[in-house]
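Trainee: In mature numbering (1 follows the signal peptide of the UniProt record, and there is no 0), the protein residues as written are -19 to -1, 1 to 252. Every residue, glycine too, gets a C-beta built ideally from N, C-alpha and C. Got a structure for you, questions after.
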Amino acid sequence: MKSTLLLLFVLLHSFQAWAQQQNETSSDTLELSAPGQKADSSSLADDIRRSLHPLVRKSIAPSILIGWGLTHMDDEGLFEGSEGLRDAVQRSYPDFSTTIDNHTGFAPVIMAVGLNLAGVEGKHHFTEQAILLGMTYFLNRSLTNNLKSLISIKRPGSEYDDAFPSAHTSTAFAYATFFHNEYGSKSAWYSIAGYSFATATGVLRILNDRHWLSDVLAGAGIGILSAEVAHLAYPFLQRKIANSFKEKQNLGITPFYYQGAGGVAIVYQLH
């Protein structure tokens, strides 16, 4: 079906290009022009992009996706629109059903574990990766669940009003971005693999008639943003915790268990 193929192509192509751009701009080294040589437009654009705060720079792609999601809530937009796309999917794949989209989003995490076991080092040690993954998960679930409650969009053909944004897609892109941040600098194929699984998750949610196009687009943006914020915040928290252990007076760590869920609570006292 043309609409679904277009959606798959645009999403996959966009994130492959975005991942490559992130790899190219991650270095802090700027190439200087030869004496008397004027910088071309691409060099100027790169300089401007590098001059932006990292959070602003890394928020561009997810902001575009969230904006696309908001503009596709009705039957308008760059694609066929949420309702139009759903009608086309139902006509072409009336009996489509699979549960694989419940698992594809976790592929980047499995790949990260596999690479660690194989001795391929990421940007952080595997224990730090676990912390980063936990931060990403917590932030992503908080944003996604709160937005579901606030916006209350009904799912396709259902009375459940928790459609926007797609949690499966959001989680998949959060994990894909985590994987990209850890291993994308080693090879662009790592990033492409992670985002391919994330894209497949979003497309399958539409084919399964569980979400609108707008839910998937916004979910992808929120997932990327969650992972990027966690990645940028981690060094700051790491320094704060390290300083707190040295001072031994404003940090408390204690395990907890509540209604079947357990974890570790970190309490930091601000001065």
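Going by alpha carbons, who is nearest to S78 out of I41, S195 and R186?
Mentor: R186
Trainee: Taking all protein chains shown into account, do 16 or more other C-beta atoms lie within 10 angstroms of the C-beta of R72, making it buried, or fewer, making it exposed?
Mentor: With fewer than 16 Cβ atoms within 10 Å of its Cβ, R72 is classed as exposed.
Trainee: Once the 5 residues before and after H212 are set aside, which same chain residues still bring their CB inside 7 Å of it?
Mentor: A distance below 7 Å between beta-carbons, with the five flanking residues on each side excluded, links H212 to the following residues of its chain, in chain order: L113 and N162.
Trainee: Beta carbon of A201, beta carbon of G86: below 8 Å?
Mentor: A201 is not a Cβ neighbour of G86, given a cutoff of 8 Å.
Trainee: Taking all protein chains shown into account, do 16 or more other C-beta atoms lie within 10 angstroms of the C-beta of V37, making it buried, or fewer, making it exposed?
Mentor: exposed
Trainee: Compare the beta carbon distance of S40 and L120 with 8 Å and say whether it is the shorter of the two.
Mentor: no
Trainee: Enumerate in chain order the residues of its own chain whose CB-to-CB distance from L46 is below 6 Å, with the five nearest sequence positions on each side excluded.
Mentor: L198, A201 and G202
Trainee: Would you list, in sequence order, the uninterrupted alpha helix (DSSP H) runs of no fewer than 4 residues that lie entirely inside the stretch 102 to 170?
Mentor: 107 to 132 and 148 to 164
Trainee: Counting only the same chain and skipping the five closest in sequence on each side, list residues whose C-beta sits under 7 Å from that of A157.
Mentor: The residues are P89, G175, Y176, F178 and A179.
Trainee: Do P137 and R220 have their CB atoms nearer than 8 Å?
Mentor: Not a contact, by the Cβ cut-off of 8 Å.
Trainee: For a test of the three-state rule: what should DSSP assign to T80, helix, strand or coil?
Mentor: T80: coil per DSSP, three-state reduction.
Trainee: Counting C-beta neighbours from all protein chains within 10 Å, is the total for residue 253 16 or more, i.e. buried, or is it exposed?
Mentor: Here the chain has residues from -19 to 252 only, and residue 253 is not among them.
Trainee: Between the alpha carbons of A42 and E209, how many angstroms are there, rounded?
Mentor: Cα-Cα distance, rounded: 11 Å.
Trainee: Would you mind reading off the limits of the alpha helix (DSSP H) that contains W193?
Mentor: W193 -> no alpha helix (DSSP H), and no H or E assigned at all.
Trainee: Rounded C-beta distance between G50 and S195? I'm assuming under 8 Å.
Mentor: 5 Å
Trainee: I need the DSSP call for A211, collapsed to helix, strand or coil.
Mentor: Helix.
Trainee: With respect to the alpha helix (DSSP H) encompassing G100, which residues constitute its N-terminal and C-terminal limits?
Mentor: From DSSP, G100 is part of no alpha helix (DSSP H); its letter is neither H nor E.
Trainee: Apart from the five residues just before and just after I132, which ones in its own chain have a Cβ nearer than 6 Å to its Cβ?
Mentor: F145
Trainee: Figure out for me which residue from S63, L218 and G204 has the closest Cα to the Cα of F160.
Mentor: G204
Trainee: Is it right to say K129 is buried, meaning 16 or more other beta carbons lie within 10 angstroms of its own, or is it exposed?
Mentor: buried
Trainee: So what's Y176 in DSSP terms, helix, strand or just coil?
Mentor: helix
Trainee: Is the beta carbon of T117 closer than 8 Å to that of A155?
Mentor: yes
Trainee: Classify G183: buried if its beta carbon has 16 or more other beta carbons within 10 angstroms, exposed otherwise.
Mentor: buried
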